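First the structure, in the form of structure tokens, and then the observations on it.
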Amino acid sequence: GVQPLATQALQAGLLIRYDLSAGGRSASGTRSLYHAMGKLGLRMWAPTRVDAGTRTTVRFWVRDLLTGTLVEGAEVSVAGQTGMTNAQGQLALEVDVPEDAAEFTLDAVATRDDLTATLSRDLQVVPAGAPKLMVSTDKPLYRPGQTIHIRAMALAAKDLKPVSAEAITLEVLDGKQNKIFKQDATTDGFGIAALTAPLAAQVNTGMY
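Position one of the sequence shown corresponds to residue 856 (our numbering), numbered consecutively onward.
See below:
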């Protein structure tokens, strides 16, 4: 997390002049207020894809940016939840994911004494229990008349176990977004459905 640019510019423009003397020795100089004041750094970890209407764990790390040390006792707030970092500068909070949104924004704030750091993260919200679907082909480049061999694999979102006996519809669009192939299939016991899409001898080129 960083402070607003306007605040940084203001602090950088203000200088502290110092003159020190001790034991017959002296030192003097100037230092910008931006470098003289403490700063907090905030890091956040959260899954990029969460189930609607569930709870998910969000982890935080708070660090002193001037010394590099992790900060204990910093207060962190996000999505209505608040906690304090431990001796390792870490904190885990459980937040509620909304049921009726496609995206969930986490706006986190960390404070310690007079220092503040902010950080935002957007999470994708999917229906609870929605499977993950991965699609692959046997090669990245095809010529007209060849056959595209396609494999789709469905895994449960929470534990990544295969989703078997599930209906899958595969569609292939050519480089001009014309639908040239459509086929229904059912996943096997490993959550996999294998399909083939033959290309005509004369087809539109481009990204399919």
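All C-beta atoms, glycine included, are put in the ideal place defined by N, C-alpha and C.
Owing to the predicted nature of the structure, the values given are computational and were not obtained by experimental measurement.
| Asked | Found |
| --- | --- |
| Would you identify the three-state DSSP class for residue 943, choosing helix, strand or coil? | coil |
| Note down the Cα distance separating residue 939 from residue 966, rounded to an integer number of angstroms. | 10 Å |
| Just list the beta strand (DSSP E) runs in the stretch 999–1062, keeping only unbroken ones of 3 residues or longer that don't cross its boundaries, in chain order. | 1002–1010, 1022–1028, 1034–1041 and 1047–1053 |
| Alpha carbon to alpha carbon, what distance is there between residue 932 and residue 917? | 12 Å |
| For residue 976, which residues in the same chain have their Cβ closer than 7 Å to its Cβ, ignoring the five residues on either side in sequence? | 899, 901 and 961 |
| Which residue's Cα is closest to the Cα of residue 1037: 1059, 974 and 1005? | 1005 |
| Look at the alpha carbon of residue 953 and the alpha carbon of residue 915, and state the distance between them as a whole number of angstroms. | 21 Å |
| Go ahead and label residue 1045 buried or exposed: buried means 16 or more other beta carbons lie within 10 angstroms of its beta carbon, across all protein chains shown. | exposed |
| Leaving out the 5 sequence neighbours to the left and right, which residues in its chain are closer than 8 Å to residue 1012 when beta-carbon positions are compared? | 904, 906, 981, 984, 985, 986 and 987 |
| Would you grab the beta carbon distance between residue 964 and residue 1003 for me? Rounded to a whole angstrom, and I think it's under 8 Å. | Not a contact, Cβ separation roughly 49 Å. |
| Count the other C-beta atoms from every protein chain shown that fall within 10 angstroms of the C-beta of residue 1018, then say buried if there are 16 or more, exposed otherwise. | buried |
| Could you compute how far the alpha carbon of residue 1047 sits from the alpha carbon of residue 1024? | 13 Å |
| Which word fits residue 1061, buried or exposed, when buried means at least 16 other C-beta atoms lie within 10 angstroms of its C-beta? | exposed |
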